[in-house]
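Numbering (mature numbering (1 follows the signal peptide of the UniProt record, and there is no 0)) for the sequence shown: -18 to -1, 1 to 485. Even glycine gets a Cβ: it sits at the ideal position worked out from N, Cα and C.
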Amino acid sequence: MGLLHKLVALTLAAGALAQSSLRIQVAKSTTHAIPSTLYGWMWEDINHSGEGGLYAELLQNRAFQTVTPHTPQALNAWSAYRGATLDVTNNIAGVSTALPNSLQAKVPAGSNGQIGFDNSGYWGIKIQSGWKYTGSFYARSDSYTGSVTVALVSSSGTTYATTTLSGVTNSWKKFTFNFTPSQSAPDVKNVFRVTVDGASASGKSVYFGMFSLFPPTFKGRQNGMRVDLGEALAATKPRVWRFPGGNNLEGQTVAKRWKWNETIGPLENRPGRPGDWGYANTNGLGLMEYLNWAEDIGAEPILGIWAGYALGGETVPESQLQPYLQEAINEIQFITGDANTNQWAKLRAQYGRTAPYKLKYIEIGNEDFASAASGSYAQYRWRVFVNGLKAAFPNSGFQYIATTYPSTTLSPAYTHIDVHAYNVPKWFIDHALEYDKYPRNGVQVFVGEYAVTSTNPSCIYGTPACGRLEYPTLQGAVAEAAYMTGLERNSDVVFASTCEIIV
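Shown next, in the form of structure tokens:
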């Protein structure tokens, strides 16, 4: 087509558009209120989102949890300073029964000056002038009775804060301290250093356990969250907070599941566990920390209950499920019970919270649509947990969320269902109308996880080599936003939606 013909065609097309009109009529009778719970965050400790992330603890491998003593791996994040010999050992009684391992620091004979060890933190330690750092550790020695010095030190040897504590004895003693640097370090290539007097400790061993070092925390919570991440997440105004997982609820085996009662109370009573994403969980981020966090950001908690299935395929038979149901009952009593009458609520009060926490939504299991889990879930696990919880809390108003496919028949029938969606951008765009024709039969949908994870529909959970995304993309964000318009438009059915916020 020549240039003249193109200009004529464009002119005719423009004229046709100018003469056309579009009229949109909105039917007011089909509107509905958008629930306050529609948007929020899903949480589990993945990719160090908790340990080394939102959780403000600065020291990595602080209590030598889930490690094998007398191995180099047990010393992860720890290194000797000026010739000390380090070994993680369980040859002596630990700080507590929950923490059997301790760090043995041997001082070579003939030593002098300060000698000890460093902790490198999680990819370094931020040193900020004016911040009050609060820390603690346990120490003991059968032969050394001198002092212990702790400090924040840069890679170039500059000491930004330090204090010395005395009173080491032959039994475990907890030392607490705080210090405030007068200047900031230019980068995070800094360590937490612990030393003893080399001359006094020459040829001797000093044992250490359960270290901790915190900067200021979000809303000043003890054992709380980082200020910067806390403020950033709170600014998104999430209205629901699903925790503690996710896969990280289930454990690779039944024994390694997330056990709520091992995540409460003093840190030295929390044994930790192998996380489900490749690193240990200290359980410093525990049940009460999660509930406090939900309150602090104005979000309603959605509590995941372990329901008899582990990721490795281990399933609790129906005849053996009762103790795990009771574990869930105890957890809910701890959260919502009257501290004057309930033993678990009294324990909550003992740990600093007299008033019950708010709780309405309880999710039974996680992703029980998976083939290895779906059979037992439909056959008995859902029934045992829902009927048992309803019997234990008859007038609670709790809403129980199922985690299987919506098409699965459950008895009793579910009223709330958790749906997960991971796919390519096109899938989310194509499914923006998914809930327009969803049955309005009283069932409420919780879109508990959704994200664009790949550019290849055959490699949704694979590797970057086959299309799996390592980082979010603009295309993915737009596709997810298109999908979210469908959630909001159909929020008479979709009462909540969450995605993993720190991954």
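In this structure, DSSP gives R175 an extended state, which the three-state scheme calls strand.
With a 10 Å radius around the Cβ and a threshold of 16 neighbouring Cβ atoms, E213 comes out exposed. Between the alpha carbons of L303 and P454 lies a distance of about 40 Å. Short of 6 Å from the beta carbon of Y396, and not among the five residues preceding or following it, lie these beta carbons of its own chain, in chain order: A384.
Under the 10 Å beta carbon count, S137 is surrounded by fewer than 16 other beta carbons and is classified as exposed. Straight through space, the alpha carbons of G430 and A403 are spaced by roughly 9 Å. Each residue's CA atom was taken as its position, placing Y362 and V368 some 10 Å apart.
Collapsing the DSSP output to three states places S353 in a helix. Taking the C-beta atoms as reference points, V222 is found nearer than 8 Å to A281. L329 sits in a helix when the DSSP states are folded into three classes. A contact is defined here as three or more CB-CB pairs under 8 Å, and the region 179 to 187 meets this definition with respect to the region 123 to 143.
In the three-state reduction of the DSSP assignment, C441 falls in the coil class.
The continuous beta strand (DSSP E) containing W23 extends over residues 21 to 24. Looking at T141, N152, Q165, G449, the one whose alpha-carbon comes closest to that of R175 is T141. Cα atoms of L134 and S61: separation of roughly 15 Å, rounded to the nearest angstrom. Shown here for Y63: same chain residues with a beta carbon closer than 7 Å to its own, the five before and five after excluded, namely I97, G98, F99, D100, R175, T177 in chain order. DSSP places N94 outside both helix and strand once states are collapsed to three, so it counts as coil. If you compare the alpha carbons of Q332, A374, H398, G32 with that of Y343, the shortest gap goes to H398.
In the three-state reduction of the DSSP assignment, E431 falls in the strand class, which pools E and B. Setting aside the 5 residues that flank it on each side, P305 has no residue in the same chain whose C-beta is closer than 7 Å to its C-beta.
Rounded to the nearest whole angstrom, the CA to CA distance from L392 to Y382 is 13 Å. It is roughly 8 Å from the alpha-carbon of T245 to the alpha-carbon of G254.
In the DSSP assignment, M207 is bridged to Y37. No residue range can be given for G247, since it is assigned to no beta strand (DSSP E) and is classified by DSSP as neither H nor E. The region 84 to 95 and the region 183 to 202 touch, with no fewer than 3 CB-CB distances between them shorter than 8 Å. P163 sits in coil when the DSSP states are folded into three classes, being neither helix nor strand. In the pairwise beta carbon analysis, the region 200 to 207 is classified as not touching the region 156 to 170: fewer than three pairs are separated by under 8 Å.
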